[in-house]
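Trainee: As they're listed, the protein sequences go chains A and B. Residue 111 is where the first sequence ends in the numbering used here, and the numbering goes up by one at each step. Residue 225 is where the second sequence ends in the numbering used here, and the numbering goes up by one at each step. So that we are looking at the same thing, I have put the structure below in structure tokens.
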Amino acid sequence: DAKTTQPTSMDCAEGRAANLPCNHSTISGNEYVYWYRQIHSQGPQYIIHGLKNNETNEMASLIITEDRKSSTLILPHATLRDTAVYYCIVRTANTGNQFYFGTGTSLTVIP
Amino acid sequence: NAGVMQNPRHLVRRRGQEARLRCSPMKGHSHVYWYRQLPEEGLKFMVYLQKENIIDESGMPKERFSAEFPKEGPSILRIQQVVRGDSAAYFCASSLQGPTGELFFGEGSRLTVL
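Written as structure tokens, this is what we have:
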């Protein structure tokens, strides 16, 4: 079962930063935070993951609080193509452990 | 470098027929996962396989559903005697062996049961 809590939906103006929060208050020390997104019924797309340090790649930044009980995915300059459902997942660093997707946050980027 | 390939992309079956969904993982990936997404719902884990082995099938319905990942060829999700409630998108994902093992998903197979 999903161990995360996310807002059901959010809006963001095009060109602005989109900040998507995620609570994972029961996260354990060996669990990573992963973010995926699903654009209009396509296959989910990996965005980023992290353990305790903040992470950045070409798609997004991941900010994890010091106590690791919450995190924020930041899309620095949202475009209309970023409209999607964003899933925050916690999972141990073990290939055998499954990704359990919750209901995610439906992000709508507004022109 | 081809991604995860699923076929068919769309499949229509009548109640009682069998559905077979195929998934070819990314090159070099030996771990395959199947997820189901009912209309307007999130993805639900079904089964995790490595080559020739089912590792975790805790999300699979007990009856009518089976999955395999043979030594040669794609992974197959088989649904026998389909019912209308089986209508859904079925997504396959693969991963490399490794400590973080992020998943790479295919575009899904959409099953419609008439």
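We put the CB at the ideal spot given by N, CA and C, even for glycine.
1) For proline 210 (chain B) and leucine 225 (chain B), I'd like the C-alpha separation in whole angstroms.
2) Would you verify that the beta carbon of proline 185 (chain B) is, or is not, closer than 9 angstroms to some beta carbon of chain A?
3) Can you name, in chain order, every residue of its own chain whose Cβ lies under 7 angstroms from the Cβ of tyrosine 46 (chain A), other than the five neighbours on each side?
4) Mind listing the chain B neighbours of proline 111 (chain A)? Cutoff is C-beta to C-beta under 9 angstroms, in chain order.
5) Under 9 angstroms, Cβ to Cβ, is there at least one residue of chain A near aspartate 197 (chain B)?
6) Enumerate in chain order the residues of its own chain whose CB-to-CB distance from aspartate 11 (chain A) is below 6 angstroms, with the five nearest sequence positions on each side excluded.
7) Looking at C-alpha atoms only, which residue of B:Leu222, B:Gly219, B:Ala199 and B:Leu214 is the closest neighbour of serine 141 (chain B)?
8) Keeping to the same chain, check which residues put their C-beta closer than 8 angstroms to that of threonine 65 (chain A); ignore five residues upstream and five downstream.
9) In chain A, what lies closer than 9 angstroms to tyrosine 201 (chain B) by C-beta?
10) Report the rounded CA-to-CA distance for methionine 116 (chain B) versus cysteine 134 (chain B), giving the unit in angstroms.
Mentor: Reading off the structure:
1) Low local confidence applies: a pLDDT of 47 at proline 210 (chain B) is under 50, so the model's placement there is unreliable, and no value is given.
2) Proline 185 (chain B) does not count as touching chain A.
3) Taking tyrosine 46 (chain A) as the centre and dropping the five residues before and after it, the same chain places the C-beta of Tyr36 closer than 7 angstroms to its C-beta, in chain order.
4) Within 9 angstroms Cβ-Cβ: nothing; proline 111 (chain A) doesn't reach chain B, min ~25 angstroms.
5) Residue-level contact by beta carbon fails for aspartate 197 (chain B) and chain A, as no gap is shorter than 9 angstroms.
6) The residues are Thr108 and Ile110.
7) Checked all of B:Leu222, B:Gly219, B:Ala199 and B:Leu214; the closest Cα to serine 141 (chain B) is B:Leu214.
8) Excluding positions up to five away in sequence, the list reads Ser71.
9) Tyrosine 201 (chain B) does not reach chain A, its nearest Cβ partner there being about 11 angstroms away, counting only Cβ pairs nearer than 9 angstroms.
10) So the alpha carbons of these two residues sit roughly 6 angstroms apart.
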